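Novice:
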Amino acid sequence: MPRLRHFRDWQSLAYLVALPALAAWQWVHGFWWPLYALMLFLTLGIGVIHHNHTHLRMWRGRRANRATDLCITLLQGHPTFVFWPAHVANHHRHRHGERDVARTYRFGGDTNHLWGYLLHPLQAVFVLYPHILGWLAALRRRGPGAFRYCLAQYAVWLGSWALLLAIDWRRALLFVIVPQLHGLHWLLATNYLQHAHADGRSQREKVAAGDTQRGALNYARNFEGLVNPLLFNIGLHTAHHENPHAHWSELTRLHRDTYRGRVDPALNEGGLLPYMFRVFVLGTVVPRFRSRSLMPARPAVDPSSH
Numbered sequence: 005m006p007r008l009r010h011f012r013d014w015q016s017l018a019y020l021v022a023l024p025a026l027a028a029w030q031w032v033h034g035f036w037w038p039l040y041a042l043m044l045f046l047t048l049g050i051g052v053i054h055h056n057h058t059h060l061r062m063w064r065g066r067r068a069n070r071a072t073d074l075c076i077t078l079l080q081g082h083p084t085f086v087f088w089p090a091h092v093a094n095h096h097r098h099r100h101g102e103r104d105v106a107r108t109y110r111f112g113g114d115t116n117h118l119w120g121y122l123l124h125p126l127q128a129v130f131v132l133y134p135h136i137l138g139w140l141a142a143l144r145r146r147g148p149g150a151f152r153y154c155l156a157q158y159a160v161w162l163g164s165w166a167l168l169l170a171i172d173w174r175r176a177l178l179f180v181i182v183p184q185l186h187g188l189h190w191l192l193a194t195n196y197l198q199h200a201h202a203d204g205r206s207q208r209e210k211v212a213a214g215d216t217q218r219g220a221l222n223y224a225r226n227f228e229g230l231v232n233p234l235l236f237n238i239g240l241h242t243a244h245h246e247n248p249h250a251h252w253s254e255l256t257r258l259h260r261d262t263y264r265g266r267v268d269p270a271l272n273e274g275g276l277l278p279y280m281f282r283v284f285v286l287g288t289v290v291p292r293f294r295s296r297s298l299m300p301a302r303p304a305v306d307p308s309s310h
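Under our numbering, residues 5 to 310 are what the sequence shown spells out, in order.
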């Protein structure tokens, strides 16, 4: 009998069951906007569960974890393995620094505005997928079994789309594919919310500049509102980066007791939606509502020094 690592993951299981149940009910009985809105919210939860399951496997048994991989693949609308090369081996390793493939300031400079937020998922896919394919090519050589498992996830995902589109392409688009794309957009856009205008310098650069321990943690933004109980503490990003293998339920304590006071106060926000309204809507027309960049300008190079 499979056992959960942590009892709080019953919330994760509830989301994993609720999303397909709502999609199936509307497939049979027709569109109802309150249920559809709830589905769109649950797609955000699936993305966070995907993220959490990559960092700390949900179950104590390998078979249960692999079954969960395939379940999330079906619900997310994309293979779960991509989180390893794109997120763990890239984003967590380089912490929004110069070698982070999808760092927010790679695209059009160090920005934090509505247009940048909307474009970031597309820009991230453009640079991440070559990175993922390169990782797969290397995996094929060093781990053929793991490579076949990754391909099986692609087969499950694309096979499910082909089957549902063949049954009824309109229902498939409305109740499955569009919600999945919505969830994937938010999953990728979260990087922009959590890191745009944060300090992306490398640790070496910070030490050379004489930064204190406080300044060294200014690479991520935290959200302390309702997003956390609803979406598995996804807003407490500094604590997660510093403790990537901690269960998501532990992040509240870690953020409060250890990390909140060690980041610039500008990076500790309240609610996610008020932040987005202030920065992306009001900030579009009123400069005082915009965020300020914590990325210091690079000093100009003196030609006489060469």
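Quick reminder that beta carbons are idealized off the backbone N, C-alpha and C, glycines included. Predicted model only: the values in this text are computed from it and were never measured.
Given a threshold of 16 other Cβ atoms within 10 Å of its Cβ, counted over all protein chains shown, does residue 32 qualify as buried or as exposed?
Specialist: Locating residue 32 in the sequence shown gives position 28, where the first residue counts as 1. By the 10 Å Cβ count, residue 32 comes out exposed.
Novice: Note down the Cα distance separating residue 116 from residue 107, rounded to an integer number of angstroms.
Specialist: Residue numbering aside, residue 116 sits at position 112 when the sequence shown is read from its first letter. Residue numbering aside, residue 107 sits at position 103 when the sequence shown is read from its first letter. Distance between the alpha carbons of residue 116 and residue 107: 12 angstroms.
Novice: Would you give the residue range spanned by the alpha helix (DSSP H) that residue 33 belongs to?
Specialist: In the sequence shown, the residue the question calls residue 33 occupies position 29. Its alpha helix (DSSP H) spans residues 14-33.
Novice: Going by alpha carbons, who is nearest to residue 90 out of 74, 123, 121 and 55?
Specialist: Within the sequence shown, the letter at position 86 stands for residue 90. Taking only the C-alpha atoms, the option nearest residue 90 is 55.
Novice: Can you tell me whether DSSP reads residue 102 as helix, strand or coil?
Specialist: Locating residue 102 in the sequence shown gives position 98, where the first residue counts as 1. Three-state DSSP puts residue 102 in coil, outside helix and strand.
Novice: Start and end of the alpha helix (DSSP H) containing residue 4?
Specialist: This structure cannot settle anything about residue 4, because the visible part of the chain is limited to 5 through 310.
Novice: From the DSSP output, in three-state form, read off residue 227 for me.
Specialist: As a working note, residue 227 is residue 223 in the sequence shown. In the structure shown, residue 227 adopts extended strand secondary structure according to DSSP, grouped into three states.
Novice: What does DSSP give as the partner residue(s) for residue 8 in the beta ladder?
Specialist: Working through the sequence shown from its first residue, we reach residue 8 at position 4. Paired residues: 63.
Novice: Leaving out five residues on either side along the sequence, give the residues of the same chain with a beta carbon under 7 angstroms from the beta carbon of residue 83.
Specialist: If you number the sequence shown from 1, residue 83 lands on position 79. Cβ within range, chain order: 77, 154, 157, 158 and 161.
Novice: Measuring alpha carbon to alpha carbon, tell me which of 24, 132, 114 and 44 ends up nearest residue 201.
Specialist: As a first step, residue 201 is located in the sequence shown; it is residue number 197 there, counting from the start. Checking every option, the nearest Cα to that of residue 201 belongs to 114.
Novice: Does the separation of the CB atoms of residue 196 and residue 121 fall below 7 angstroms?
Specialist: The sequence position of residue 196 within the sequence shown is 192, counting from 1. The sequence position of residue 121 within the sequence shown is 117, counting from 1. With respect to residue 121, residue 196 sits close: the two C-beta atoms are nearer than 7 angstroms.
Novice: Just to confirm, are residue 258 and residue 270 a CB contact at a threshold of 7 angstroms?
Specialist: Counted from its first residue, the sequence shown places residue 258 at position 254. Counted from its first residue, the sequence shown places residue 270 at position 266. It is not a contact, given that the beta carbons lie outside the stated cut-off.
Novice: Identify the continuous alpha helix (DSSP H) that holds residue 165 and give its terminal residues.
Specialist: Within the sequence shown, numbered from 1, the residue matching residue 165 stands at position 161. Unbroken alpha helix (DSSP H) run through residue 165: 148-171.
Novice: Can we say the segment 58-76 touches the segment 29-43, given the rule of at least three CB pairs closer than 8 angstroms?
Specialist: no
Novice: Out of 118, 39 and 11, state which residue places its alpha-carbon closest to the alpha-carbon of residue 63.
Specialist: Here residue 63 refers to the residue found at position 59 when the sequence shown is read from its first residue. Measuring from the Cα of residue 63, the nearest candidate turns out to be 11.
Novice: DSSP has residue 272 in a bridge; who is on the other side?
Specialist: Locating residue 272 in the sequence shown gives position 268, counting from the first residue. DSSP output for residue 272 lists 226 as bridge partner(s).
Novice: Can you give me the Cβ contacts of residue 268 inside the same chain, cut-off strictly under 7 angstroms, excluding the 5 residues immediately before and after it?
Specialist: Start at 1 with the first residue of the sequence shown, and residue 268 comes out as number 264. Excluding residues up to 5 positions away in sequence, 222 and 298 lie with their Cβ nearer than 7 angstroms to the Cβ of residue 268 in the same chain.
Novice: Keeping to the same chain, check which residues put their C-beta closer than 6 angstroms to that of residue 151; ignore five residues upstream and five downstream.
Specialist: The residue you call residue 151 lines up with position 147 of the sequence shown. Around residue 151: 143 and 144.
Novice: With three or more C-beta pairs closer than 8 angstroms as the rule, is the segment 230-244 touching the segment 272-287?
Specialist: yes
Novice: Look up residue 288 in the DSSP assignment and say whether it is helix, strand or coil.
Specialist: Taking the first residue of the sequence shown as position 1, residue 288 is located at position 284. Residue 288: helix per DSSP, three-state reduction.
Novice: So is residue 239 buried or exposed if we call it buried at 16+ other beta carbons inside 10 Å?
Specialist: On the sequence shown, position 235 is the one that residue 239 refers to. Looking at its Cβ environment, which holds 16 or more other Cβ atoms inside 10 Å, residue 239 is buried.
Novice: Give a single yes or no on whether residue 163 has its beta carbon closer than 6 angstroms to a heavy atom of the ligand MN.
Specialist: Among the ligands in the structure shown, none appear at all, so the ligand MN cannot be discussed.
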